[in-house]
Amino acid sequence: RKEVEQDPGPFNVPEGATVAFNCTYSNSASQSFFWYRQDCRKEPKLLMSVYSSGNEDGRFTAQLNRASQYISLLIRDSKLSDSATYLCVVRNSGNTPLVFGKGTRLSVIA
Amino acid sequence: EPEVTQTPSHQVTQMGQEVILRCVPISNHLYFYWYRQILGQKVEFLVSFYNNEISEKSEIFDDQFSVERPDGSNFTLKIRSTKLEDSAMYFCASRTGTSTDTQYFGPGTRLTVL
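Here the protein sequences come in this chain order: A and B.
Count along the first sequence from 1, then add 1; that gives the number in my numbering.
Count along the second sequence from 1, then add 133; that gives the number in my numbering.
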């Protein structure tokens with residue numbers, strides 16, 4: 002079983018749409034969870050950390066369900082500039098390396 | 134805003150040649166990492182470095198790879214004898230070292246092995 006699994010997409014949505022991405026992770030002892038964004042041939046950039054209580058940053062909302070080992074990202078009012086690959090990332094403990102999912106590709110269309 | 138820098142941005146080499154990829158982590162960061170991403174695949178961990186020694190490495194990081202922090206600012210990844218399958222984007226990352234901090238990635242070096 003892969004450590005971090007994501008639906009690869011692509012998700013093609015019109016501007017203004019709401020889109021949701023899901024992710025599951027296999028290590029129940031994982032401690033930290035993140036969503037990164039990666040543009041084509043660029044480095045991953047942190048979009049937001051994910052907390053057990055859920056958290057929101059503008060149009061972006063992240064949720065974590067530890068019991069189901071499931072992480073989600075919701076993007077409201079999609080913009081053309083949101084087009085990118087969204088990476089679900091897990092860290093198993095404080096100083097261990099990040100474990101990446103393969104990413105979900107989003108295309109926002111005018 | 135401080136950032137991780139990497140040089141070169143693109144390196145083309147012949148199979149069997151040695152390459153050195155360079156990184157300058159953010160200045161007050163203590164943990165350094167190399168990751169790679171083969172085209173179309175996920176980002177994979179190679180090695181982490183703390184207190185002037187390797188703290189963890191993946192099965193990808195075999196004897197052909199080495200890392201070094203030759204001075205107070207640079208962090209290098211050396212591939213001794215490159216193979217075609219080493220062609221990938223190589224990302225350097227750094228973090229401060231607190232339990233809740235995040236890793237900041239450099240722009241990457243695209244390595245092409247011919």
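Glycine included, each C-beta is placed from N, C-alpha and C at the ideal position.
- Annotation: the continuous beta strand (DSSP E) that includes L107 of chain A extends over 105 to 110.
- By the beta-carbon neighbour count (other beta carbons within 10 angstroms, threshold 16), Y166 of chain B is buried.
- Taking C-beta separations shorter than 7 Å and ignoring five residues to either side along the sequence, the partners of S206 of chain B in its chain run V157, following chain order.
- Using a Cβ-Cβ distance cut-off of 8 Å, the stretch 166 to 184 of chain B and the stretch 217 to 225 of chain B are in contact, since at least three pairs of beta carbons, one from each stretch, lie closer than that value.
- Here V100 of chain A really is in contact with E4 of chain A; their C-beta atoms are around 5 Å apart, less than 8 Å.
- DSSP, read as helix, strand or coil, puts S214 of chain B in coil.
- Rounded to the nearest angstrom, the gap between the Cα atoms of S31 of chain A and T105 of chain A is 21 Å.
- Take the alpha-carbon of G241 of chain B and the one of F12 of chain A: they are about 26 Å apart.
- For Y223 of chain B, the nearest beta carbon of chain A is not closer than 8 Å to its own beta carbon.
- For the pair R213 of chain B and V145 of chain B, the Cα-to-Cα distance works out to about 15 Å.
- Here D58 of chain A carries a strand assignment [DSSP, helix/strand/coil].
- Going by C-alpha positions, S69 of chain A is about 19 Å away from L88 of chain A.
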